[in-house]
Amino acid sequence: PEGFWYDQDENEWVLLLKGSAGLRFGDKEELLVLHSGDYINIPRHHKHRVAWTDADQETVWLAIYYK
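All the letters of the sequence shown, read from the start, carry residue numbers 426 to 492 under this note's numbering.
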């Protein structure tokens, strides 16, 4: 939802398996665009949100949460 930010107690490692997506982070203005095969490590309490996902194909994520 608009205005919603993830702010998790755990670190999150994310791999985009299929499709593409745009991520926003609370401390940055620029959009991070991920494509199939891209990955990112998001530290705990680093506010983030999914701005968009590919409208033309399914977007599939693998997310691993760890302390």
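Every residue, glycine too, gets a C-beta built ideally from N, C-alpha and C. Note that the structure is predicted; figures quoted are calculated from it, not measured.
- Message: Between which residues of its own chain and PRO468 is the CB-CB distance below 6 Å, once the five residues before and five after are set aside?
- Response: ASN436
- Query: So is ALA446 buried or exposed if we call it buried at 16+ other beta carbons inside 10 Å?
  - Reply: buried
- Contact check, VAL439 vs TYR464 under 8 Å by CB: the rounded distance? 6 Å
- Task: State the CB to CB distance for the pair GLY444 and THR478, rounded to an integer number of angstroms; the pair is presumed to be in contact (CB under 8 Å).
- Result: 6 Å
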